[in-house]
Amino acid sequence: MFDFFKKKPAEKKSLIPEVLGLRLGGVIELDALKMKIIEPDLTIAGAATTQLIQAVGVVQLDNATRLIRYYTDDDAMVQVLMDGDSDADVQQCMLSYYYSTTPIDTETQWNERLAKGVVKSHWDLDGVDFIKLWENELPVAMTETTWTSETEYSRTDQFVMLYSRDVNADLCEVLIVSAEEQIVNNSADRCLVLSTAFELQPNDFKVN
24 MFDFFKKKPA
34 EKKSLIPEVL
44 GLRLGGVIEL
54 DALKMKIIEP
64 DLTIAGAATT
74 QLIQAVGVVQ
84 LDNATRLIRY
94 YTDDDAMVQV
104 LMDGDSDADV
114 QQCMLSYYYS
124 TTPIDTETQW
134 NERLAKGVVK
144 SHWDLDGVDF
154 IKLWENELPV
164 AMTETTWTSE
174 TEYSRTDQFV
184 MLYSRDVNAD
194 LCEVLIVSAE
204 EQIVNNSADR
214 CLVLSTAFEL
224 QPNDFKVN
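Residue numbers (the numbering used here): 24 to 231.
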């Protein structure tokens, strides 16, 4: 009867970030005209202009900087680089698509891949040359926490190098090479993932 006298419990803040309207369960609508114009010059093919966000990943790069990754049902990911917590802190937004995933079965193969199979001066992708983007001589290590719901998440260690090529004066395509390791049932599940990406501008998409 007198519930208004009682202190209400604080609302629990979700661990799954939302930015630029992007959120778990949200639907991304890409600019169909722009995709039609640029797609023939990119590695990707047949990108869906409507995509459902099925998982959200976070990589904390330092105290303020993080990558937020919104994974969709089209084998795509919208990656947002942020230097803070608000939409105004967004530094870059990219759309990437998986190109290939190659299992790494043994410890020897894994160590060899980390030593000389991720970082090269350039990367040939089906005859298209991508130039090494970062100056690091070893893969850049990062850990991603990925949520598929408020209570279900996983962690993946990633060892990454970026490569790029100029498509034209206004468009750059990035190749993401990532050796990834996830511990499943006390066993290491490892693979090499190749993805290609390009930058999204604020008017290139909307979220419903």
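The C-beta atom is built at its ideal place from N, Cα and C for all residues, glycine as well.
**Request:** Compare the beta carbon distance of R136 and L215 with 8 Å and say whether it is the shorter of the two.
**Result:** For the purposes of this step, residue 136 is taken as the residue at position 113 of the sequence shown. For the purposes of this step, residue 215 is taken as the residue at position 192 of the sequence shown. Their beta carbons are under 8 Å apart, which means R136 touches L215 by this criterion.
**Prompt:** What residue range is occupied by the uninterrupted beta strand (DSSP E) comprising Q181?
**Reply:** The residue labelled residue 181 in the question sits at position 158 within the sequence shown. Here the beta strand (DSSP E) through Q181 covers 176-191.
**Asked** Can you round the beta-carbon distance between I76 and Y94 to whole angstroms, since I take them to be within the 8 Å contact cut?
**Response** What you label residue 76 is simply residue 53 of the sequence shown in a count that begins at 1. What you label residue 94 is simply residue 71 of the sequence shown in a count that begins at 1. 7 Å between Cβ atoms; contact.
**Message:** Spatial neighbours of D106 within its chain, please: C-beta separation below 7 Å, excluding the five flanking residues on both sides.
**Reply:** As a working mapping, residue 106 is identified with position 83 in the sequence shown. Contacts found: A87, T88, D112, Q114.
**Item:** Closest Cα partner of D96 within the set G48, K57, N208, K229
**Value:** Here residue 96 is taken as the residue at index 73 of the sequence shown, counted from 1. The shortest C-alpha separation from D96 is found at G48.
**Request:** On a CA-only basis, which of D98, N231, R213, F221 is nearest C116? Give me that one, please.
**Result:** Reading the sequence shown from its first residue, position 93 is the one you call residue 116. It is F221.
**Request:** Determine the contact status of V142 and E167, defining contact as a CB-CB distance below 8 Å.
**Result:** Counting from 1 along the sequence shown, the entry for residue 142 is found at position 119. Counting from 1 along the sequence shown, the entry for residue 167 is found at position 144. For V142 and E167, no; Cβs fall outside 8 Å.
**Request:** Return the first residue and the last residue of the alpha helix (DSSP H) that T131 is part of.
**Result:** As a working note, residue 131 is residue 108 in the sequence shown. Start and end: 130-139.
**Message:** Output needed for K57: all residues of its chain with C-beta closer than 7 Å, excluding positions within five of it in sequence on either side, in chain order.
**Reply:** In the sequence shown, the residue the question calls residue 57 occupies position 34. Closer than 7 Å at Cβ, skipping near neighbours: D227.
**Message:** For a quick check, are the C-beta atoms of D64 and L223 less than 8 Å apart?
**Reply:** On the sequence shown, position 41 is the one that residue 64 refers to. On the sequence shown, position 200 is the one that residue 223 refers to. For D64 and L223, no; Cβs fall outside 8 Å.
**Request:** Count the other CB atoms, across all protein chains shown, that sit within 10 Å of the CB of A202; report buried if there are 16 or more and exposed otherwise.
**Result:** In the sequence shown, counting from the first residue as 1, residue 202 sits at position 179. Answer is buried; the Cβ neighbour count reaches 16.
**Item:** Cβ-Cβ separation, T73 to V50 (assumed contact under 8 Å), whole Å
**Value:** To locate residue 50, count along the sequence shown from 1; it is residue 27. To locate residue 73, count along the sequence shown from 1; it is residue 50. The Cβ separation is near 6 Å, so the contact holds.
**Item:** Cβ neighbour criterion (16 or more within 10 Å) applied to A78
**Value:** Position 55 of the sequence shown, counted from the start, is the residue given in the question as residue 78. Flag for A78 reads buried.
**Prompt:** From D128 to N191, what distance separates their C-alpha atoms?
**Reply:** On the sequence shown, residue 128 is found 105 positions in, with the first residue counted as 1. On the sequence shown, residue 191 is found 168 positions in, with the first residue counted as 1. Looking at the two C-alpha atoms, the distance is approximately 39 Å.
**Asked** Per DSSP, R89 is paired with what?
**Response** As a first step, residue 89 must be located in the sequence shown, where it is residue number 66. DSSP output for R89 lists Q83, M105 as bridge partner(s).
**Asked** So, is A138 buried or exposed, given that buried needs 16 or more other C-beta atoms within 10 angstroms?
**Response** Locating residue 138 in the sequence shown gives position 115, counting from the first residue. When all chains shown are included, A138 counts as exposed.
**Asked** Are the CB atoms of L45 and V207 nearer to each other than 8 Å?
**Response** Reading the sequence shown from its first residue, position 22 is the one you call residue 45. Reading the sequence shown from its first residue, position 184 is the one you call residue 207. Against a cut-off of 8 Å, the Cβ pair of V207 and L45 comes out as no contact.
**Prompt:** Of all the alpha helix (DSSP H) runs that stay within the bounds of the stretch 42-87, which reach a length of 4 or more residues?
**Reply:** 55-61
**Request:** Could you give the DSSP three-state label for P225: helix, strand or coil?
**Result:** Position 202 of the sequence shown, counted from the first residue, corresponds to residue 225. Correct three-state label for P225: helix.
**Asked** Are E158 and T179 close, meaning C-beta to C-beta below 8 Å?
**Response** Within the sequence shown, the letter at position 135 stands for residue 158. Within the sequence shown, the letter at position 156 stands for residue 179. Not a contact, by the Cβ cut-off of 8 Å.
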